[in-house]
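Student:
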Amino acid sequence: MVSGTGIVMASNTGWLVTPSIGPALSCQLITSNNPALGLKAGPQFKTLPAFFFFSIYLSIHRIGCRYEGRRYQEGAIVSTSEPCLQCRCVEASLRCRLRVCPRTPNPTPAECRLQISPVQECCSEIVCGESRHDNENSLRRIDIEPDDVTEEDGCLFEGVRYGAGSAMMATRRCEYCYCILGARRCVSPKCLLPLPGCTPLYAPHSCCPVAYNCTHNQGKTRSSFDW
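Mapping to this note's numbering: the sequence shown position 223 is 248, numbers consecutive.
(1) Measure the alpha-carbon distance for Glu107 versus Ile141 and round it to whole angstroms.
(2) Quick one: measure Cβ to Cβ for Leu119 and Cys90, integer angstroms, because I've assumed they're closer than 8 Å.
(3) If you drop the 5 nearest sequence neighbours on each side, which residues of the same chain put their C-beta closer than 7 Å to that of Glu200?
(4) Ends of the beta strand (DSSP E) at Tyr327?
(5) From which residue to which residue does the beta strand (DSSP E) around Ile150 run?
(6) Could you compute how far the alpha carbon of Pro229 sits from the alpha carbon of Cys202?
(7) Looking at the unbroken beta strand (DSSP E) that takes in Pro225, where does it start and where does it end?
(8) Cutting at 6 Å between CB atoms, please list the residues of its own chain near Gly190, excluding the five before and the five after it.
(9) Taking Cβ to Cβ, would you say Thr105 is nearer than 9 Å to Tyr92?
(10) So Asp180 and Cys147 are supposed to be a Cβ contact under 8 Å. How far apart are they, rounded?
(11) Quick one: using the 10 Å Cβ neighbour count with 16 as the cut-off for buried, is Pro134 buried or exposed?
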C-alpha cells in the first residue's frame, strides 16, 4: 500500500478518484467493470502514480494566493498597502501593475494646491478656485480648449477620459494640463529673467533654471533661487 498526503493507494488495485469537500481526496475501490471509463474490477487495473492524483486535485481545487495572512481566489483583486499598485491573483502568484502618475508643476500655480485624489487614492491632483486669473509671477498663459469641454465633471481628450482635477497629457514641452471645471486647462511656468553675465543651470526635465553660474561675475560661484 502506498500512502501520501491525503492520498492512499493499494498496490495492484484500481482506485477511482472523486473530489471531496475538504483538502484531502477521497478514493473508492473499483468493485465492478466500467466499460465507459475503460476500467476493470480487481487487480487488472494498475495503480497510477501519485503526481497524477495531485494534478487532478489542483484542477479541481485551485490553490489561489496568500498575501499578508489572507487567502485570495484565482483571478481575485489583491489589495496592497501601495495605492498605485494594481495586483491580481494569477496562477498562485501576485501579478501587479504600477500606475505612473503624470508630472505636476513645480511650483504649483498660484491659487491652486495639490492633493491626493479621493477617488484614485494614488496620483496627486491640482485643485484650483472657482475663479482663475493669470499671475504674471508664475504663469505665462492659460489655455482653455473648447473642444475638450464636457457636460460631465470629467474631461475627454484624444479618446481618454480624465476625472475632475486630474493631470492630463500635455501637447507641448514645459506645459502642465489639468481637467478643471470640465475643461482642459494648461499652464506653463514663467521663468525669472536671466542674470546678466551669468549662465543658467537646469535640472533634468526642468523648464526654468534652478541656479546661475556666475563664476566670472564678481567672484560668485553660483546663485540659486527659491521657487
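For each residue, glycine too, the CB sits at the ideal point set by N, CA and C.
Tutor: Concretely, from the data shown:
(1) Numbered from its first residue, the sequence shown carries residue 107 at position 82. Numbered from its first residue, the sequence shown carries residue 141 at position 116. Roughly 13 Å between the two C-alpha positions.
(2) As a position in the sequence shown, residue 119 is number 94, starting the count at 1. As a position in the sequence shown, residue 90 is number 65, starting the count at 1. With 8 Å as the limit, Leu119 and Cys90 qualify as a contact, their Cβ atoms being about 6 Å apart.
(3) Here residue 200 is taken as the residue at index 175 of the sequence shown, counted from 1. Here the set comprises Cys211 and Ser213.
(4) Residue 327 falls outside the range modelled here, since the chain spans only 26 to 252, and no answer is possible.
(5) Counting from 1 along the sequence shown, the entry for residue 150 is found at position 125. Looking at the sequence shown, residue 150 is not Ile but Glu. Counting along the chain, the beta strand (DSSP E) containing Glu150 begins and ends at Ser149 to Cys153.
(6) Locating residue 229 in the sequence shown gives position 204, where the first residue counts as 1. Locating residue 202 in the sequence shown gives position 177, where the first residue counts as 1. One C-alpha to the other measures close to 20 Å.
(7) To locate residue 225, count along the sequence shown from 1; it is residue 200. Run containing Pro225: Thr224 to Leu226, per the beta strand (DSSP E) assignment.
(8) On the sequence shown, position 165 is the one that residue 190 refers to. Around Gly190: Glu150 and Val152.
(9) Within the sequence shown, residue 105 is the residue found at index 80, counting from 1. Within the sequence shown, residue 92 is the residue found at index 67, counting from 1. Contact flag set, yes.
(10) Numbered from its first residue, the sequence shown carries residue 180 at position 155. Numbered from its first residue, the sequence shown carries residue 147 at position 122. Note that residue 180 corresponds to Cys in the displayed sequence, not to Asp. In fact, because the Cβ distance is near 18 Å, the residues do not count as touching under 8 Å.
(11) Looking up residue 134 in the sequence shown gives position 109. It counts as buried.
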